[in-house]
Amino acid sequence: MGHLDHAALGWLTPALSYAMACTGAALGLRCTVRALGATGRSRRNWLLTAATAIGTGIWTMHFVAMLGFRVGGTDIRYDVPLTLMSLLVAMAVVCAGVFAVGYGRDRPRALLLGGLTTGLGVASMHYLGMAAVRLHGDVAYAPTRVALSVVIAVAAATAALWAALNIRSPLAVTLASLLMGAAVSSMHYTGMFAVSVRVTPSGEALPGATAMQFIFPLAVGLGSYLFLTSAFVALSPTAGEREASASAQQPAGSAAG
Numbered sequence: 000m001g002h003l004d005h006a007a008l009g010w011l012t013p014a015l016s017y018a019m020a021c022t023g024a025a026l027g028l029r030c031t032v033r034a035l036g037a038t039g040r041s042r043r044n045w046l047l048t049a050a051t052a053i054g055t056g057i058w059t060m061h062f063v064a065m066l067g068f069r070v071g072g073t074d075i076r077y078d079v080p081l082t083l084m085s086l087l088v089a090m091a092v093v094c095a096g097v098f099a100v101g102y103g104r105d106r107p108r109a110l111l112l113g114g115l116t117t118g119l120g121v122a123s124m125h126y127l128g129m130a131a132v133r134l135h136g137d138v139a140y141a142p143t144r145v146a147l148s149v150v151i152a153v154a155a156a157t158a159a160l161w162a163a164l165n166i167r168s169p170l171a172v173t174l175a176s177l178l179m180g181a182a183v184s185s186m187h188y189t190g191m192f193a194v195s196v197r198v199t200p201s202g203e204a205l206p207g208a209t210a211m212q213f214i215f216p217l218a219v220g221l222g223s224y225l226f227l228t229s230a231f232v233a234l235s236p237t238a239g240e241r242e243a244s245a246s247a248q249q250p251a252g253s254a255a256g
């Protein structure tokens, strides 16, 4: 068995991956709150932004954490198409869950459906991302820990969507995002501790790209997107602020008329 190191770069990758998960969750929750106060095209756009943010945050969390993953006795490469597919899966399934909550008339049913869909999507993204790993050897999984990681993913997704439906204050959203980030990180490392590798030494070159060649630049780009979008959402007025502004301007307009 090859020795697995999940934090070869020390505290850096776990801490940074947790920050990415929290940022994506915070942005997604704020956008969902904005969506629930909007109608028509505006609601759809806010929900799309929420799904993109949550999906991007989860994917970035996973692969930033993978930057610190090492297996003794073998190099690691990543299959580029599968890695990109895992990102698309994360966004698509989270989008389905967020829209189920955003447009569902029966809130409890929509919450359960959205949480289950999103949680299974998060787990699918994780294991699809792991399927993209190329190394000299065979990868196996402990079924009990895999099942536990899926349960954590579904519970975390359901809790996040519940927070989006029931939490409005910025402080409460921040606390919910920190908990969501912790849950997503727990799901990731639970899934990683389910992994075992039987190394087969070989001098053959591995297919795919190294983490620094492919994953690091992509993670930096997506992380930048999260922070820039967070700034945009923070600076954009809420529905209440727009109504207050319109009310304040109405008397002036009436007087001028």
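For the sequence shown, numbering that gives the first Met the number 0 assigns the number 0 to the initial residue and increments by one for each residue that follows. No residue lacks a Cβ here, since even glycine has one placed at the ideal position from N, Cα and C. Predicted, not measured: the structure shown is a model, and the values here were computed from it.
Hey, out of Ala139, Leu47, Gly190, Gly202, whose CA is closest to valine 145's CA? Gly190
First and last residue of the beta strand (DSSP E) that includes glycine 207? Element bounds for glycine 207: n/a, residue is neither H nor E.
Can you give me the Cβ contacts of alanine 89 inside the same chain, cut-off strictly under 6 Å, excluding the 5 residues immediately before and after it? Gly54, Ile57, Trp58, Met124
Are there 16 or more other CB atoms within 10 angstroms of the CB of glycine 113, so buried, or fewer, so exposed? buried
Can you tell which of Ala139, Leu205, Leu174, Ala218 has the C-alpha that lies nearest to the C-alpha of alanine 25? Leu174
Would the beta-carbon of alanine 6 fall within 9 Å of that of valine 183? no
Length at least 4, wholly inside the region 166–203: the alpha helix (DSSP H) runs in chain order: For the region 166–203, the full-length alpha helix (DSSP H) segments reaching 4 residues or more read 169–192 along the chain.
Contact the region 153–166 vs the region 131–143: 3+ CB pairs below 8 Å: no
Would you give the residue range spanned by the alpha helix (DSSP H) that arginine 108 belongs to? 106–130
What would DSSP say about glycine 27, mapped onto helix, strand or coil? Here glycine 27 sits in helix by DSSP.
Element boundaries [alpha helix (DSSP H), containing isoleucine 75]: Not the alpha helix (DSSP H): isoleucine 75 falls in the beta strand (DSSP E), residues 75–77.
Helix, strand or coil: which one does DSSP assign to leucine 134? strand
Quick check on alanine 50: does DSSP put it in helix, strand or coil? helix
Straight-line CA distance for valine 153 to threonine 116? Cα-Cα distance, rounded: 8 Å.
Proximity winner among Gly72, Thr38, Tyr17, Ile214, relative to aspartate 137 (alpha-carbon distances): The residue with the shortest Cα to Cα distance from aspartate 137 is Gly72.
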